[in-house]
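For reference, the structure discussed in these notes is given below.
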Amino acid sequence: ALWTYPQRNRIVAGLSKALLVIEAGEKSGCLITANCAKKFGRKVFAVPGPITGSLSKGTNLLIKNGAEMVLSAEDVLRGMGAAPEDEGLSPREGMGAAPATGAAP
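Residue numbers for the sequence shown follow the working numbering, so the first one is 170 and each next one is one higher.
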């Protein structure tokens with residue numbers, strides 16, 4: 170049911186270490202999740218977009234209101250305290266995932 174989305178979003182925010190919003194309209198449910206995440210002390214990351222884009226209005230607003238602007242997976246990793254380039258890790262490996270098959274040690 171539609172009325173349960175805000176409750177679900179609150180749970181998602183509470184279970185997360187951080188929240189990344191890639192696209193969101195100005196009335197998107199993602200903004201509810203982002204506000205919950207901020208209240209819970211979670212990091213909120215957002216990808217900026219064109220100021221005329223309807224799916225960028227929410228992310229641009231999040232950035233304006235204090236979300237950390239990110240442009241790449243590396244930005245997210247740095248924001249989470251991981252530095253994959255310092256250790257020669259890919260973004261996926263930097264988050265604790267197993268190395269890809271055939272990857273150099």
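We treat Cβ as the ideally placed atom computed from N, Cα and C, and that holds for glycine.
Looking only at its chain, what residues have a beta carbon closer than 7 Å to the beta carbon of residue i, apart from the 5 residues adjacent to it on each side?
i: residue 226; result: 194 and 195
i: residue 174; result: 198
i: residue 181; result: 202
i: residue 248; result: 212, 214, 237 and 239
i: residue 209; result: 182 and 183
i: residue 223; result: 194
i: residue 229; result: 217, 218 and 220
Which residues in the same chain as residue i place their Cβ atom closer than 6 Å to its Cβ, once the five residues preceding and following it in sequence are excluded?
i: residue 179; result: 205
i: residue 272; result: Any answer about residue 272 is weak, because its pLDDT of 49 lies below 50 and its placement is not dependable; what the coordinates show is given next. So the list is empty, once near-sequence residues are dropped.
i: residue 172; result: none
i: residue 219; result: 225
Would DSSP call residue i helix, strand or coil?
i: residue 188; result: strand
i: residue 195; result: coil
i: residue 215; result: strand
i: residue 232; result: helix
i: residue 246; result: helix
i: residue 183; result: helix
i: residue 202; result: helix
i: residue 173; result: helix
i: residue 273; result: For residue 273, the pLDDT reaches just 49, beneath the cut-off of 50, and the residue's location in the model is therefore unreliable, although a value from the coordinates is still provided. Of the three classes helix, strand and coil, the one that applies to residue 273 here is coil, per DSSP.
Can you list, in chain order, the residues of its chain with a C-beta nearer than 8 Å to that of residue i? Leave out the 5 residues immediately preceding and following it.
i: residue 232; result: 215, 217 and 238
Any idea which residues DSSP pairs residue i with across the strands?
i: residue 300; result: Lying outside 170 to 274, the shown extent of the chain, residue 300 is not represented and no answer is given.
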